[in-house]
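Asks: The end of the sequence shown is residue 123 by my numbering, with every number in the run present.
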Amino acid sequence: KVVRLHVPTGEEHEMIIDKGRNDVIFKLHVDAQGMHLIIAGNQGENWYVPIARSLKPRLMTMARGARIESVAWDREADESNTGVVMIGTSTGTICKACLVDGKEKYWKEIFSLRDA
8 KVVRLHVPTG EEHEMIIDKG RNDVIFKLHV DAQGMHLIIA GNQGENWYVP
58 IARSLKPRLM TMARGARIES VAWDREADES NTGVVMIGTS TGTICKACLV
108 DGKEKYWKEI FSLRDA
């Protein structure tokens with residue numbers, strides 16, 4: 008589970024992650040405004056939470072199998088749209104993604120160390 012603390016009010020909200028038996032939460036990636044969260048699992052399961060709208064994690068199906076190491080967020084993101092997000096994986100792959108209204112709009116591999 009992940010706990011979100013709303014600092015101004017002191018309220019805590021729990022988010023239950025439906026992960027596999029052997030999977031553990033590996034990293035949390037939050038955008039600068041605190042509106043979007045990507046939860047990376049150790050075994051390649053990843054979840055997206057549109058924090059500004061909902062605390063319900065959604066499995067990122069297009070990112071299945073990718074162990075997310077780093078995320079570069081779009082500064083133009085708003086509550087419903089992440090804008091273009093650059094994602095680095097443990098295999099040396101860089102992907103371009105966009106999440107809109109809590110769902111993956113696209114996920115595209117743009118660079119891989121395997122191809123370099």
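The C-beta atom is built at its ideal place from N, Cα and C for all residues, glycine as well.
How close, in whole Å, do the beta carbons of V107 and S87 come, if the pair is a contact with beta carbons under 8 angstroms?
Replies: 6 angstroms
Asks: Any idea what DSSP makes of R65, helix, strand or coil?
Replies: strand
Asks: How many Å lie between F118 and A70 at the Cα?
Replies: 15 angstroms
Asks: Among all the DSSP beta bridges, which residues are the ones paired with A47?
Replies: DSSP output for A47 lists K34, N53 as bridge partner(s).
Asks: So what does S97 bridge to, in DSSP terms?
Replies: Note: S97 sits in no beta bridge, so no partner.
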